[in-house]
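Colleague: Structure below; questions to follow.
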Amino acid sequence: MTADFTYFARGLRVEQLKTHRTMILWLSVGVPLLTASLDFAAYYFHGESILQQKHEHTAWQLFAFHLMVMWTMLMLPMYISLQSALVSALEHQANAWKHIYSLPIPKWSIYSSKLFFFVGLLLLSSLALIVFGEVAGWLLNWLRPGLDINPSTDGWMLVRNIWKTFLIGLGMTAIQFYLSFRFRNFIVPAAFGVFVSLIGLVIKSWAYSYVSPYLWVYFSIRDQGYEAGWVNGYMWAGLGTFVVIAMGGFLATYGRDVE
Amino acid sequence: MSTAIIQTKQLTYSFGERPVLSGVSLDVPAASIFGFLGPNGSGKTTTIRLLLGLIRSRENNIFMFGESIKTHRLFILRQIGALIESPSLYPHLSGYANLDLTRQLLQVAKKRIDEVLEIVQLTSDAHRSVREYSLGMKQRLSLAMTLLSDPDLLILDEPTNGLDPAGIRDIRDLLIRLNKDLSKTIFLSSHLLSEIEKMATHLAIIHQGRVLFQGNPGQLQQMQATRLILQTADPERAIALLSRANYAVQPINSNQILLSVEGPSQTAQINQLLVQQGFEVYRIHPQADTLEDLFLSLTNHTN
Numbered sequence: 001m002t003a004d005f006t007y008f009a010r011g012l013r014v015e016q017l018k019t020h021r022t023m024i025l026w027l028s029v030g031v032p033l034l035t036a037s038l039d040f041a042a043y044y045f046h047g048e049s050i051l052q053q054k055h056e057h058t059a060w061q062l063f064a065f066h067l068m069v070m071w072t073m074l075m076l077p078m079y080i081s082l083q084s085a086l087v088s089a090l091e092h093q094a095n096a097w098k099h100i101y102s103l104p105i106p107k108w109s110i111y112s113s114k115l116f117f118f119v120g121l122l123l124l125s126s127l128a129l130i131v132f133g134e135v136a137g138w139l140l141n142w143l144r145p146g147l148d149i150n151p152s153t154d155g156w157m158l159v160r161n162i163w164k165t166f167l168i169g170l171g172m173t174a175i176q177f178y179l180s181f182r183f184r185n186f187i188v189p190a191a192f193g194v195f196v197s198l199i200g201l202v203i204k205s206w207a208y209s210y211v212s213p214y215l216w217v218y219f220s221i222r223d224q225g226y227e228a229g230w231v232n233g234y235m236w237a238g239l240g241t242f243v244v245i246a247m248g249g250f251l252a253t254y255g256r257d258v259e
Numbered sequence: 001m002s003t004a005i006i007q008t009k010q011l012t013y014s015f016g017e018r019p020v021l022s023g024v025s026l027d028v029p030a031a032s033i034f035g036f037l038g039p040n041g042s043g044k045t046t047t048i049r050l051l052l053g054l055i056r057s058r059e060n061n062i063f064m065f066g067e068s069i070k071t072h073r074l075f076i077l078r079q080i081g082a083l084i085e086s087p088s089l090y091p092h093l094s095g096y097a098n099l100d101l102t103r104q105l106l107q108v109a110k111k112r113i114d115e116v117l118e119i120v121q122l123t124s125d126a127h128r129s130v131r132e133y134s135l136g137m138k139q140r141l142s143l144a145m146t147l148l149s150d151p152d153l154l155i156l157d158e159p160t161n162g163l164d165p166a167g168i169r170d171i172r173d174l175l176i177r178l179n180k181d182l183s184k185t186i187f188l189s190s191h192l193l194s195e196i197e198k199m200a201t202h203l204a205i206i207h208q209g210r211v212l213f214q215g216n217p218g219q220l221q222q223m224q225a226t227r228l229i230l231q232t233a234d235p236e237r238a239i240a241l242l243s244r245a246n247y248a249v250q251p252i253n254s255n256q257i258l259l260s261v262e263g264p265s266q267t268a269q270i271n272q273l274l275v276q277q278g279f280e281v282y283r284i285h286p287q288a289d290t291l292e293d294l295f296l297s298l299t300n301h302t303n
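For the record, the sequence lines run as chains A and B.
Those letters in the first sequence? Residues 1 to 259, per the UniProt record's numbering, in order.
Those letters in the second sequence? Residues 1 to 303, per the UniProt record's numbering, in order.
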């Protein structure tokens, strides 16, 4: 058991080292920063018109809600699609699979350390979004006091919801990761993810749109973004999808010839 | 020298309906430089991929260090350093960082990086980005990677591919040094016959997925029909006589003819025949084939 964990831990460390001098880590904080910046700019320049209608929620809750809608509807699916392609492209471009699979390390640790490194990147992005969202809220509170955006009116709103979208997003993370691991061509995982995300935008009001794991993060915010709970049904669906696809993906790659 | 480090038994493999290997049986002795020769597409890389478990044989017919790759994959791979075709390097990282990635996966002490860099003479370029390396430097760095765990066996697939003559010589000298000084067993595939000839203590020739020869270079020379050059005062009459005696014979110039014989005893018989018929035989000597001639003759024969 200890030896197994050592393989896994070393694999994670090596994955992190491989990303030096690449865009991967920058993308992990850059996309949340962009999301928070866009929401900040929208409220800074058009805050009065956005908030002019009477709402049952505070200005901060509306600000956070819009931030999370932008994140879950567009940024997160696109980010996961692109990032998954980038992470596996490191190996594909370096012709590294044959080298890695001829090293004395278990095959499961190769797949799992890379997958969990990717999950770590998603976690980093989620944490970055919370930080940038809070900072944007406090900045607006200071720069545009008339908008009355005060993050302390619901201090856990971002944490609560981003926590949920992180866990829900694991489902599409596992799908995208398998595609990027399986297909040498960078275009396949990136195009698939972007295409499914865009289709999701079109069909999101359709009665059966809930079948798409790429829309669950958005539905979680749209339908339950103001709710106080830390758990919802989409979370279990996301986690279940992650477990099934991660294990299925590993088994599908386990028996394959290494190119 | 008799212990087989690698042993395959009637190894067969197909890509779909297309057979790639048919009954390949290899015995690679310990501490040898085993040249695995064959033209492009003959099945060399497929054999190496099977040895390393990158593709899988249905039968239990690959044994290394006395164990089956099917059941003892990690045990076997711990004793192997492998370089398969082109180098597997991350171009955005330095040579040192590339080695460090593999070092961490192998759980080897950090000082080993400096040692292998010294062996492949890349110490001064270790911190440059691999993107700036020449192909020869990349090959040497890949070789350094195979040496990190100080393995007993190196499996190298075309390690001199794409290198200039100086690069080829560097790799050759390095491999000979590793074999002689550190007793590494080296399984080396190549289509560059001249390279194998200069290094190999043992060799196998593979063509169209079949092993045509296995042994040492001396045995290969003996296996082939030898050609004799014969010098006599009357070559035309000698050709007529020898042709009637069913020897393959042809003129070279005004006093020399070329004969194919199957062994030393035939040389004596030819000499005796000519002398009995009153010929003055000035000289008989073998025309030795190079390994390349023998290789081409073997592989062409099966086409």
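All C-beta atoms, glycine included, are put in the ideal place defined by N, C-alpha and C.
Remember, it's a predicted structure, so these values are computed and weren't measured experimentally.
#1: Once you ignore the five residues that flank B/Glu67 on each side, which residues in its own chain have a CB closer than 8 Å to its CB?
#2: Would you call the CB atoms of B/Ile284 and B/Leu230 closer than 8 Å?
#3: Mind checking whether B/Leu26 and B/Gln214 have CB atoms under 8 Å apart?
#4: Using a Cβ distance threshold of 8 Å, determine whether the stretch 95-103 of chain A contacts the stretch 57-71 of chain B, with at least three qualifying pairs required.
#5: Using a Cβ-Cβ cutoff of 8 Å, what residues of the stretch 217-236 of chain A are near chain B? List them in chain order.
#6: Skipping 5 residues on each side, what residues in its chain have a beta carbon closer than 8 Å to that of B/Asn40?
#7: Within the continuous alpha helix (DSSP H) that includes B/Leu242, where are the two ends?
#8: Chain A partners of B/Ile55, CB-CB under 8 Å?
#9: Of all the CB atoms in chain A, is at least one closer than 8 Å to the CB of B/Arg244?
#10: Can you grab the Cα-Cα spacing for the pair B/Leu188 / A/Leu103, in whole Å?
#11: Identify which residue in A/Lys114, A/Met75 and A/Leu215 has its Cα closest to the Cα of A/Gly11.
#12: Using three-state DSSP, classify B/Ser189 as helix, strand or coil.
#13: Taking only runs of the alpha helix (DSSP H) that begin and end inside the stretch 69-113 of chain B, which ones reach a length of at least 4 residues, in chain order?
#14: State yes or no: is the beta carbon of B/Gln231 nearer than 8 Å to at least one beta carbon in chain A?
#15: Inspect the beta-carbon positions of A/Phe118 and A/Thr173 and report whether they are closer than 8 Å.
#16: Quick one: which residues of the stretch 68-102 of chain A get their C-beta closer than 7 Å to a C-beta of chain B? List them in chain order.
#17: In three-state DSSP terms, what is A/Asp4?
#18: Closer than 9 Å by beta-carbon distance: list the chain B residues that pair up with A/Leu17, in chain order.
#19: Using a Cβ-Cβ cut-off of 6 Å (strictly less than) and excluding sequence neighbours within five positions of A/Ala128, which residues of its own chain qualify?
#20: Between which two residues does the beta strand (DSSP E) harbouring A/Val258 extend?
#21: Looking only at C-alpha atoms, which of B/Leu273, B/Gln208, B/Pro87 and B/Leu228 sits nearest to B/Arg237?
#22: Could you tell me the distance, in whole angstroms, from the CA atom of A/Tyr44 to the CA atom of A/Ile149?
#23: Start and end of the beta strand (DSSP E) containing B/Met145?
#24: With a threshold of 16 other CB atoms inside 10 Å of the CB of B/Thr47, please say whether the residue is buried or exposed.
#25: Among B/Glu280, B/Leu212, B/Gln222 and B/Leu228, which residue has its Cα nearest to the Cα of B/Leu296?
#26: Alpha helix (DSSP H) containing B/Pro264: first to last residue?
#27: Is the stretch 93-105 of chain B in contact with the stretch 143-162 of chain B, if contact means three or more CB pairs nearer than 8 Å?
#28: Any C-beta of chain A sitting closer than 8 Å to the C-beta of B/Tyr90?
#29: Is B/Met1 helix, strand or coil by DSSP?
#30: Taking the alpha carbon of A/Met235 as the reference point, which residue from A/Gly171, A/Ile50, A/Met247 and A/Asp257 has its own alpha carbon closest?
#31: Compare the C-beta of A/Ile105 with all C-beta atoms of chain B and state if any pair is closer than 8 Å.
#32: Can you tell me which residues form a DSSP beta bridge with B/Ala248?
#33: Check whether the Cβ of B/Arg131 lies closer than 8 Å to any Cβ atom in chain A.
#34: Could you tell me whether any Cβ in chain B is nearer than 8 Å to the Cβ of A/Arg184?
#35: What are the partner residues of B/Arg18, as DSSP defines its beta bridges?
#36: Using a Cβ-Cβ cut-off of less than 7 Å, give me the residues of the stretch 151-179 of chain B that come near chain A, in sequence order.
Modeller: For this structure:
#1: Counting only Cβ-Cβ distances below 8 Å, and skipping sequence neighbours, we find Phe75 and Ile76.
#2: The answer is yes: Cβ separation under 8 Å.
#3: yes
#4: Not touching, per the Cβ criterion.
#5: none
#6: His191
#7: First-last of the alpha helix (DSSP H) with B/Leu242: Pro235 to Arg244.
#8: Residues of chain A passing the Cβ test: Asp257 and Val258.
#9: Contacts with chain A at 8 Å (Cβ-Cβ) do not include B/Arg244.
#10: 18 Å
#11: A/Lys114
#12: strand
#13: 73-77 and 95-106
#14: no
#15: yes
#16: Taking 7 Å as the Cβ-Cβ cut-off against chain B, the residues of the stretch 68-102 of chain A that qualify are Leu90, Ala94, Asn95, Ala96, Lys98, His99, Tyr101 and Ser102.
#17: If DSSP states are grouped into helix, strand and coil, A/Asp4 belongs with the helices.
#18: Leu93, Ala97, Asp100, Leu101 and Gln104
#19: Within the same chain, A/Ala128 has close Cβ partners Val29 and Pro32.
#20: First-last for A/Val258: undefined, no H or E at that position.
#21: Taking only the C-alpha atoms, the option nearest B/Arg237 is B/Leu273.
#22: 11 Å
#23: Counting along the chain, B/Met145 falls outside any beta strand (DSSP E), though it belongs to the alpha helix (DSSP H) covering Leu135 to Leu147.
#24: buried
#25: B/Leu212
#26: Pro264 to Gln276
#27: yes
#28: yes
#29: Note that B/Met1 scores 43 on pLDDT, short of 50, meaning its location in the model is unreliable and no value can be drawn from it.
#30: A/Gly171
#31: yes
#32: B/Ser260
#33: With respect to chain A, the C-beta atom of B/Arg131 has no partner C-beta closer than 8 Å.
#34: no
#35: B/Phe15
#36: Cβ contacts with chain A: none found.
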